[in-house]
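K.L.:
Have a look at this one.
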Amino acid sequence: NSLPPSLSLLFSILQLTQGKLATQPPPIISHYCHILSRLISHQINPTTQWAEPDTDEFLNEWEEHEEADFDPLESPRELLGSCLSIIVCDRYLPLYLRRLTSFSEPLLRGVCGLCHQLLLVRRPGVFPAKFLQQLSVSPNLLSPLWSTVQSVTMEGFSGSVPGLQFLSRGGQLPSREGRALVERLGTFSTLLSLYLSTLHDAEFYGETSTGGHLPFSRGQLVEMVAVLRDVYVSLHMEKHLPHSLFRAPARLVEMKPSPVEYQQLKQCVYQLLCGLHERDSRRPFCPPRHWEMAHLSKISSIPPDLFLEADGQSKIVFGCVPEFVKTF
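Letter by letter, the sequence shown follows residues 15 to 342 of my numbering.
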């Protein structure tokens, strides 16, 4: 906290910790992830278009010149590319997490913060793909991640309200809760999407409720689909509102989470819903009509004509998913 965040500090930490984390306990790893995510967040401004480096070029340069005279300090842009290359090429953290059988809340927060910042660098699945794919093959991580997503709450007039429920009803979370939910839900959605892509339909779930390779029962998957569906529809319709999270006025450009971060969350949830719906179309696990938007009438202050076509059909379509039916 006493040192100002800078690219030089980020690069120094990455260099000094290479090969020295294998014997560290989970609390140290959680602090390490938290520090990296904070330092990266100071270098990437998600409210503006960041001039991205040619990541393939940086990865190749780093591998070729790691033991040579390559100087990453030539420019801030190259230094940032080098820092990100070190992170996404590092196999230690994913391997470390795969060995764990339990995950503390601080460790999950640190991992989600780091993944969230990497996702903001470029669209999901491009630059941070190598790092995230290694994390996604840790099925023991997915269930605790979903639990920590569900644990985000905010204080309302009648007590604590689940953050997912509040967001799915068109509400804007306070900064602290919003940051926690965006980081955790975006990370979970991305990792589960990547993990689903490695499973055959026969491995998706077994004859018993927990007989598949996923750490979720069929009942949990049905509930998850309903929650994510509601969140996505709320975020999708949010861009049509006058005070949209996606079009913050100039005085709110420092809003956290930023409009771009909410947009990033929407894309992550969208990808996961597409994957789950594709599985459901081939090997059904949801009850009939489960993908229809029966809850839309519960969202207040959103005129239906903003998201419904003239024939009453919803504009929201998940790729091959049938258009949702108007139910009110």
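Using N, Cα and C, we set each Cβ at its ideal position, and we do this for glycine too.
Please list the terminal residues of the continuous alpha helix (DSSP H) segment that includes Ser295.
P.N.:
For the purposes of this step, residue 295 is taken as residue 281 along the sequence shown, with counting starting at 1. Note, Ser295: alpha helix (DSSP H), 273-296.
K.L.:
Just reading off the alpha helix (DSSP H) that Pro90 is part of, what are its end residues?
P.N.:
Numbered from 1 along the sequence shown, position 76 holds the residue referred to as residue 90. First-last of the alpha helix (DSSP H) with Pro90: 90-103.
K.L.:
Are Leu228 and Tyr209 close, meaning C-beta to C-beta below 9 Å?
P.N.:
Here residue 228 is taken as the residue at index 214 of the sequence shown, counted from 1. Here residue 209 is taken as the residue at index 195 of the sequence shown, counted from 1. Going by C-beta atoms, Leu228 is nearer than 9 Å to Tyr209.
K.L.:
Rounded to the nearest angstrom, what separates His214 and Gln285 at their Cα positions?
P.N.:
As a position in the sequence shown, residue 214 is number 200, starting the count at 1. As a position in the sequence shown, residue 285 is number 271, starting the count at 1. Each residue's Cα considered, the two are about 18 Å apart.
K.L.:
Please classify Glu237 as buried or exposed, where buried requires at least 16 neighbouring CB atoms within 10 angstroms.
P.N.:
As a first step, residue 237 is located in the sequence shown; it is residue number 223 there, counting from the start. Exposed is the call here.
K.L.:
Starting from Gly359, follow the beta strand (DSSP E) in both directions and report where the run begins and ends.
P.N.:
Outside the shown range of the chain (15 to 342) lies residue 359, about which nothing can therefore be said.
K.L.:
Tell me the DSSP secondary structure of Thr212 in three-state form.
P.N.:
Stepping through the sequence shown from its first residue, residue 212 is reached at position 198. Coil.
K.L.:
For Leu109, count neighbouring C-beta atoms within 10 Å of its own C-beta (all shown protein chains included) and say buried if the count is 16 or more, exposed if not.
P.N.:
Position 95 of the sequence shown holds residue 109. The residue in question, Leu109, is exposed, as its Cβ has fewer than 16 Cβ neighbours within 10 Å.
K.L.:
Considering only the beta carbon of each residue, do Lys249 and Leu181 sit closer than 9 Å?
P.N.:
One-based indexing of the sequence shown puts residue 249 at position 235. One-based indexing of the sequence shown puts residue 181 at position 167. Here residue 249 is Leu; the residue named in the question, Lys, does not match the sequence. Cβ distance < 9 Å, so Leu249 and Leu181 count as in contact.
K.L.:
Let me check understanding here. Comparing Cα to Cα, which of His48, Arg113, Gln32, Gln277 lies closest to Pro153?
P.N.:
Here the question's residue 153 lines up with position 139 in the sequence shown. Nearest of His48, Arg113, Gln32, Gln277 to Pro153, Cα basis: Arg113.
K.L.:
How about Ile54 and Leu98: do their beta carbons lie closer than 9 Å?
P.N.:
Start at 1 with the first residue of the sequence shown, and residue 54 comes out as number 40. Start at 1 with the first residue of the sequence shown, and residue 98 comes out as number 84. In contact: Ile54 and Leu98 (Cβ atoms closer than 9 Å).
K.L.:
By Cβ distance, which residues of its chain are closer than 7 Å to Cys300, with the 5 residues on each side in sequence left out?
P.N.:
In the sequence shown, the residue the question calls residue 300 occupies position 286. So the list reads Val236, Val239, Asp294, once near-sequence residues are dropped.
K.L.:
Excluding the 5 residues preceding and the 5 following Glu119 in the sequence, name in chain order all residues of the same chain whose CB lies nearer than 7 Å to its CB.
P.N.:
In the sequence shown, counting from the first residue as 1, residue 119 sits at position 105. Correct list, in chain order: Thr162.
K.L.:
The alpha helix (DSSP H) with Leu28 in it runs from where to where?
P.N.:
On the sequence shown, position 14 is the one that residue 28 refers to. Counting along the chain, the alpha helix (DSSP H) containing Leu28 begins and ends at 21-31.
K.L.:
Tell me the rounded alpha-carbon separation between Ser96 and Arg297.
P.N.:
Along the sequence shown, read from residue 1 onward, the residue named residue 96 stands at position 82. Along the sequence shown, read from residue 1 onward, the residue named residue 297 stands at position 283. If you take the alpha carbons of Ser96 and Arg297, they lie about 43 Å apart.
K.L.:
Give me, in chain order, the residues of the same chain whose beta-carbon lies closer than 6 Å to that of Ile27; leave out the 5 immediate sequence neighbours on both sides.
P.N.:
As a working mapping, residue 27 is identified with position 13 in the sequence shown. Within the same chain, Ile27 has no close Cβ partners at all.
K.L.:
Find the nearest neighbour of Phe145 within the set Leu156, Trp305, Ile101, judged by alpha-carbon distance.
P.N.:
Taking the sequence shown and counting its residues from 1, the one referred to as residue 145 is at position 131. Selected option, being the one with the closest Cα: Ile101.
K.L.:
Could you tell me whether the Cβ atoms of Leu134 and Leu205 are closer together than 9 Å?
P.N.:
Reading the sequence shown from its first residue, position 120 is the one you call residue 134. Reading the sequence shown from its first residue, position 191 is the one you call residue 205. No, the Cβ-Cβ distance between Leu134 and Leu205 is not below 9 Å.
K.L.:
Out of Pro40, Arg91, Ala36, Ser44, point me to the one whose CA is closest to Ser22's CA.
P.N.:
Position 8 of the sequence shown holds residue 22. The shortest C-alpha separation from Ser22 is found at Arg91.
K.L.:
Which residues in the same chain have their Cβ closer than 7 Å to the Cβ of Tyr106, if we skip the five residues on either side of it in sequence?
P.N.:
Against the sequence shown, residue 106 aligns to sequence position 92. For Tyr106, where only same-chain residues beyond five positions count, the Cβ hits under 7 Å are Leu35, Ala36.
K.L.:
If you draw a straight line from the alpha carbon of Thr212 to that of Gly177, how long is it in whole angstroms?
P.N.:
Reading the sequence shown from its first residue, position 198 is the one you call residue 212. Reading the sequence shown from its first residue, position 163 is the one you call residue 177. So the alpha carbons of these two residues sit roughly 30 Å apart.
K.L.:
Helix, strand or coil, according to DSSP, for Glu306 in the structure here?
P.N.:
Locating residue 306 in the sequence shown gives position 292, counting from the first residue. Glu306: coil per DSSP, three-state reduction.
K.L.:
By how many angstroms is the C-alpha of Cys282 removed from the C-alpha of Val196?
P.N.:
For the purposes of this step, residue 196 is identified with residue 182 of the sequence shown, where counting begins at 1. For the purposes of this step, residue 282 is identified with residue 268 of the sequence shown, where counting begins at 1. Cα to Cα, Val196 sits roughly 10 Å from Cys282.
K.L.:
Can you check whether the CB of His56 is closer than 9 Å to the CB of Gly124?
P.N.:
The count along the sequence shown starts at 1 and reaches residue 124 at position 110. The count along the sequence shown starts at 1 and reaches residue 56 at position 42. Not in contact: Gly124 and His56 (Cβ atoms no closer than 9 Å).
K.L.:
Determine the closest residue to Ser44 out of Asp104, Pro18, Leu30, Leu111, with distance taken between C-alpha atoms.
P.N.:
For the purposes of this step, residue 44 is identified with residue 30 of the sequence shown, where counting begins at 1. Out of Asp104, Pro18, Leu30, Leu111, Leu111 has the C-alpha closest to the C-alpha of Ser44.
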